[in-house]
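Novice:
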Amino acid sequence: MDTQETKAMVDRCNKCGLCIPSCPVYQQVLTEAASPRGRVQLVKNFLEGNVSLSKRAKEIILTCLLCESCVVNCPSGVRSDHLFTDFREELVKQYGLEWKKRLLYTLLTNEKLLRSSMVFAKLGRNWLLETFAKGMHIGNIPAGKLPRVNARPFRDQFQGVIRPEGKAEGRVFYFTGCFTNYFAADVGQAVVNILKKLRVEIEIPKGQDCCGIAAILSGDGDIPLKNVEKNISLLTRPEVDAVLVDCATCGAAFKKEYIALLKRRGMDTSAAEVLKKKTLDVMEYVAARMEKLPLAKNGSGKKVRVTYHDPCHLVRAQGVSDAPRKILQALPRVEYVEMEEAGTCCGGGGAFQFDFPGVSKGITGKKIKNIRQTGAEVIVTGCPGCRMTIGGNMDEGNPISVLHPLQLLDEALR
Amino acid sequence: MLSKAVKDELKAIVGEGRYFDNPEDLLMYSYDAFMVKGMPEAVLLPVSTDEVSRVMKVASREKIPVTPRGAGTNLTGGSVPTRGGITLSFTKMNRILDIDKENRHAVVQPGVINMEFQKELAKRGLYYPPDPGSMAVTTMGGNVAENAGGPRAVKYGVTKDYLLGLEVVLPSGEVLRTGGKTLKNVTGYNLTQLFCGSEGTLGLITEMTLKLIPLPETKRTLQAAYQSMGDAGKTVSKVFEIGILPVALEILDKTFINIIEDYTQLGLPREAEALLLIEVDGPESAVVPQSERLTKLCQEMGAHEVKVAKTVAENDEIWRARRSAYGAEARLRPTAIAEDCTVPVGNLVAMFQEVAKIAEKYKLLIPVVAHAGDGNLHPQILTDIRDKEEMERVMKAIDEISIKAVELGGTLTGEHGIGIAKREILPVELGEAAMEVTRNIKKAFDPLNIMNPDKVVRIV
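Sequences listed follow chains A and B, in order. Per the working numbering, the very first residue in the first sequence carries number 96; after that it's consecutive. Per the working numbering, the very first residue in the second sequence carries number 3; after that it's consecutive.
(1) Cβ of residue 257 of chain B within 7 Å of Cβ of residue 153 of chain B?
(2) Residues in its own chain within less than 7 Å of residue 423 of chain B by CB, not counting five upstream and five downstream?
(3) Beta carbon of residue 488 of chain A, beta carbon of residue 469 of chain A: below 7 Å?
(4) I'd like the ranges of any alpha helix (DSSP H) spanning at least 4 consecutive residues and lying wholly in the region 343-390 of chain A.
(5) Between residue 304 of chain A and residue 210 of chain A, what straight-line distance do the alpha-carbon atoms span, to the nearest angstrom?
(6) Using DSSP with H/G/I as helix, E/B as strand and the rest coil, what is residue 483 of chain A?
(7) Please name the residue or residues paired with residue 381 of chain B in a DSSP beta bridge.
(8) Quick one: residues in its chain with C-beta nearer than 7 Å to the C-beta of residue 220 of chain A, no 5 flanking neighbours on either side, listed in chain order?
(9) Closest to residue 348 of chain A by C-alpha separation, out of A/336, A/324, A/362, A/504, would be which residue?
(10) Roughly how many angstroms separate the alpha carbons of residue 286 of chain B and residue 248 of chain B, rounded to a whole number?
(11) Would you mind telling me which residues of chain A sit closer than 7 Å to residue 115 of chain B, beta carbon to beta carbon, in chain order?
(12) Give me the Cα-Cα distance between residue 134 of chain A and residue 100 of chain A, rounded to the nearest whole angstrom.
(13) Three-state secondary structure (DSSP) at residue 306 of chain B?
(14) What residue does the beta strand (DSSP E) around residue 430 of chain B start on, and which one ends it?
(15) Do residue 289 of chain A and residue 504 of chain A have their C-beta atoms closer together than 7 Å?
(16) Note the first and the last residue of the continuous alpha helix (DSSP H) segment covering residue 92 of chain A.
(17) State the start and end residues of the unbroken alpha helix (DSSP H) segment that holds residue 422 of chain A.
(18) Can we say the region 135-149 of chain B touches the region 227-234 of chain B, given the rule of at least three CB pairs closer than 8 Å?
(19) Identify each residue in the region 306-333 of chain B for which the Cβ-Cβ distance to at least one residue of chain A is less than 7 Å, and report them in chain order.
(20) Classify residue 201 of chain A as helix, strand or coil using the three-state DSSP reduction.
(21) According to DSSP, simplified to helix, strand and coil, what is residue 3 of chain B?
(22) Taking the DSSP output, what are the residues bridged to residue 225 of chain B?
(23) If you count every other CB in all the chains shown that lies within 10 Å of the CB of residue 50 of chain B, and 16 or more means buried, which is it?
(24) Could you have a look at residue 287 of chain B and say whether DSSP puts it in helix, strand or coil?
(25) In this structure, does DSSP put residue 416 of chain B in helix, strand or coil?
(26) For residue 142 of chain B, does the three-state DSSP call read helix, strand or coil?
(27) Could you tell me whether the region 128-146 of chain B touches the region 103-117 of chain A, using the rule of 3 or more Cβ pairs below 8 Å?
(28) Nearest CA to the CA of residue 403 of chain B: which residue from B/329, B/421, B/366, B/438?
(29) Would you call the CB atoms of residue 4 of chain B and residue 61 of chain B closer than 7 Å?
(30) Quick one: does residue 124 of chain B have its CB under 7 Å from some CB of chain A?
(31) Short of 7 Å Cβ to Cβ, which residues in the region 127-147 of chain A face chain B?
(32) Could you give the first and the last residue of the continuous beta strand (DSSP E) run that contains residue 171 of chain B?
(33) So, with DSSP's three-state summary, where would you put residue 174 of chain B?
(34) Considering only the alpha carbon of each residue, which of B/205, B/183, B/317 lies closest to residue 225 of chain B?
(35) Would you decide whether residue 472 of chain A is buried or exposed? Buried here means 16 or more other CB atoms lie within 10 Å of its CB.
(36) Which of helix, strand or coil does DSSP assign to residue 80 of chain B?
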């Protein structure tokens, strides 16, 4: 990371501190080391040779959700998220990844292994979840609240291109991501149903691999590099109009992290740029075509109160916040209510919740309080990670349903 | 150097988790928003007056320098520990202790964030006007210690105008109460105001009682573009002459207008020499005719383009230009030094011209934004701290700008403080008699010179 570009980036930080108040980690911990400015200054001092890759330096850099609040609040345009990911790569070079993370990322990025482990998981052995739920202390999420494995992988249900009735009005790739494929077939089904009603041809390309973002953001870009290259070449075929994703994080990988990863390695980014241009969150695609859907103007009967949480990887990494609201507000039986701080991180942050369960719990608690204050019966969000964190931390007594926004749209179209 | 025994003693006061002496965490408290750095030897985050007092007893017994710190947004180096020692960070001592609607005051701890405080008050229809640029992050303790200002000072004044009483821990560890809860209070010397703006050199503020006012019903913002800075400057005086007291009156110069437009594409008038922003507040029935009257005035005074916000969202849109100023400039050069000279409003245009002359003389890029309504200019010296030759010119320019302000009947600093940045030129404005009194006050409170030493005045 010792490049001119990185050095110029850290020098841009004039230590004004305007990144600090929006940092969810800082709000919990209240020390400079837990602030974005502190982390940027740590990176700067590392580059200047004043601090080493110590255990404490590692802890400071990992105590970050990579939620990008600091990035959008920086008047000087410091890409602190890139600085921190770069630094995490240095840490992995020095310390390696912890075995559990290494195993998990290897598993995720190897489709065959992942598939077979899911078979085991479904057969009731559940060794994957047992190992990781206990070993990695997903302490905040009780094992019983972890998502159930799909009866069969979602992608297995489809062969070839899914054609709508009548003349098709376009062709899209649907990148399902691991989560929809193995855990959330209902989300995948909603996406397919809606796209069919929009009369587009849907191809769920065979051979799509885990986007790899979990490993990338943990600082190990080597494990997922094969996936990155494979996904790029698979998804940039010219005859397809758009690559749709239903997962905020996969979308952030395609629109942002792939390019950053390849750049870090001095590799060609031109194909990744093409993928970036083609990628859309499926909600962006649908929101732009709402008038084509046969929705009733006014619903009869009692309305369901719904609120929306902005995932970091949608609102900041991709700048998507209007689309889901537009969809929800068009639903005849939905009363949409905005929550306080809808754009604040849920506290999950990938590996963050395993590494720092205490801090994570505080942030999630605040999110759930804001959700509850709206009086909503359903909380929707476009990120499986957020759904898992929010759902997993919801108290047993009075649970609120946690869904993807398109599941509500699909229901309204039935 | 702090001995192991002293470190253990300090650690025992606040406990694990609120005491740090490892290099990475010390580094985190070695800077603020100014360009000077200095490493502390121990960082403590107290949560009570008692803890602060016990730390100070150890510090005075061992003669350890102590640097107080809020959010670390100081622009003059006030929170940088230049002599090592202890840094006391107040970010965890952050409770709002009382909001008393009936008696219109609030009691807060030093780590409460200005903006958070404002939000709590707004829920109750109350208002605490001081709004320093960093209000989203700055702490109330820091605001009082620096006597922070902000754009709203034109109508509402600055921090000192809302201060009723304080609890202070003296360098000896003794706890002192000043002022009280009432608006009127002439009992004894005004120690409250002595601590306000003392920049942490006399004692540590551990609690403050603040005056509150009713939250204004609504506000309106205007933006007027001028072909001449002189006309914009004259408008500022005229606004008061026609009997309107605006909340804020801000001017951006041509360099700034263009830097901001490059960055934001807000559609600002690039050809204008000056952009004047005016905000009025009060009941709807008052702000509407006032904004109409102001529009007419700006046009009469030569503005070629006037925009008036009709909604709160449009207010924000106009303020976006002003708020983007520092971000926009940061993209031009790696280092921006915010100057803070202040002159009587009548000399505002003259000061703008002096800054332009100094910029030309030293071949520097110095865009200027000003809280024009109170004569407080923020010339932004854009440079690169690694460029030694240029930095020499910068330092000369800074001193010349500040001294010129004093010559024009103004002051070295309106709201950023003296800190380390302006310590050497302090005598220019104070004169020898006031310097002597200042040093004697410092010695009276801090005979051992351990309380944020080297800031404001140096005691030899």
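Idealized CB from N, CA, C, for every residue including glycine.
Specialist: To lay it out plainly:
(1) Here residue 257 of chain B is taken as the residue at index 255 of the second sequence, counted from 1. Here residue 153 of chain B is taken as the residue at index 151 of the second sequence, counted from 1. Contact flag unset, no.
(2) Within the second sequence, residue 423 of chain B is the residue found at index 421, counting from 1. Here the set comprises 36, 78, 79.
(3) Position 393 of the first sequence holds residue 488 of chain A. Position 374 of the first sequence holds residue 469 of chain A. No.
(4) 343-347, 353-359, 365-373, 377-382
(5) Translated into positions along the first sequence, residue 304 of chain A becomes position 209. Translated into positions along the first sequence, residue 210 of chain A becomes position 115. Looking at the two C-alpha atoms, the distance is approximately 11 Å.
(6) Reading the first sequence from its first residue, position 388 is the one you call residue 483 of chain A. Residue 483 of chain A: helix per DSSP, three-state reduction.
(7) Residue 381 of chain B sits at position 379 when you count from the first residue of the second sequence. BP columns for residue 381 of chain B point to B/370.
(8) As a position in the first sequence, residue 220 of chain A is number 125, starting the count at 1. Since pLDDT at residue 220 of chain A reaches only 43, below the 50 mark, its modelled position is unreliable, and the value read off the structure follows with that caveat. So no residue of the chain qualifies.
(9) Here residue 348 of chain A corresponds to residue number 253 of the first sequence, with the count starting at 1. It is A/324 whose Cα lies nearest to the Cα of residue 348 of chain A.
(10) The residue you call residue 286 of chain B lines up with position 284 of the second sequence. The residue you call residue 248 of chain B lines up with position 246 of the second sequence. Each residue's Cα considered, the two are about 14 Å apart.
(11) As a position in the second sequence, residue 115 of chain B is number 113, starting the count at 1. Residues of chain A passing the Cβ test: 116.
(12) In the first sequence, the residue the question calls residue 134 of chain A occupies position 39. In the first sequence, the residue the question calls residue 100 of chain A occupies position 5. Those two C-alpha atoms are separated by around 18 Å.
(13) Taking the first residue of the second sequence as position 1, residue 306 of chain B is located at position 304. Reduced to three states, the DSSP call for residue 306 of chain B is strand.
(14) In the second sequence, the residue the question calls residue 430 of chain B occupies position 428. From DSSP, residue 430 of chain B is part of no beta strand (DSSP E) but of the alpha helix (DSSP H) over 428-447.
(15) Position 194 of the first sequence, counting from 1, holds the residue named residue 289 of chain A. Position 409 of the first sequence, counting from 1, holds the residue named residue 504 of chain A. Contact: yes.
(16) Only positions 96 to 509 of chain A appear in the structure, and residue 92 of chain A is not among them; the question remains open.
(17) The residue labelled residue 422 of chain A in the question sits at position 327 within the first sequence. Counting along the chain, the alpha helix (DSSP H) containing residue 422 of chain A begins and ends at 417-424.
(18) no
(19) 328, 329, 332, 333
(20) Translated into positions along the first sequence, residue 201 of chain A becomes position 106. Residue 201 of chain A: helix per DSSP, three-state reduction.
(21) Reading the second sequence from its first residue, position 1 is the one you call residue 3 of chain B. Coil.
(22) Taking the second sequence and counting its residues from 1, one reaches residue 225 of chain B at position 223. B/279, B/309.
(23) Position 48 of the second sequence, counting from 1, holds the residue named residue 50 of chain B. Residue 50 of chain B is exposed by the Cβ-count criterion.
(24) Counted from its first residue, the second sequence places residue 287 of chain B at position 285. Correct three-state label for residue 287 of chain B: helix.
(25) Residue 416 of chain B sits at position 414 when you count from the first residue of the second sequence. If DSSP states are grouped into helix, strand and coil, residue 416 of chain B belongs with coil.
(26) By one-based count along the second sequence, residue 142 of chain B stands at place 140. Residue 142 of chain B: helix per DSSP, three-state reduction.
(27) yes
(28) Reading the second sequence from its first residue, position 401 is the one you call residue 403 of chain B. Comparing Cα positions, the closest option is B/366.
(29) Within the second sequence, the letter at position 2 stands for residue 4 of chain B. Within the second sequence, the letter at position 59 stands for residue 61 of chain B. Not closer than 7 Å, so no.
(30) By one-based count along the second sequence, residue 124 of chain B stands at place 122. So, not an interface residue.
(31) 127, 128, 133, 136, 137, 140, 146
(32) Locating residue 171 of chain B in the second sequence gives position 169, counting from the first residue. Per DSSP, residue 171 of chain B belongs to the beta strand (DSSP E) from 165-171.
(33) As a working mapping, residue 174 of chain B is identified with position 172 in the second sequence. Three-state result, residue 174 of chain B: coil.
(34) As a first step, residue 225 of chain B must be located in the second sequence, where it is residue number 223. For residue 225 of chain B, the nearest C-alpha among the options comes from B/317.
(35) To locate residue 472 of chain A, count along the first sequence from 1; it is residue 377. Residue 472 of chain A is exposed by the Cβ-count criterion.
(36) For the purposes of this step, residue 80 of chain B is identified with residue 78 of the second sequence, where counting begins at 1. Reduced to three states, the DSSP call for residue 80 of chain B is coil.
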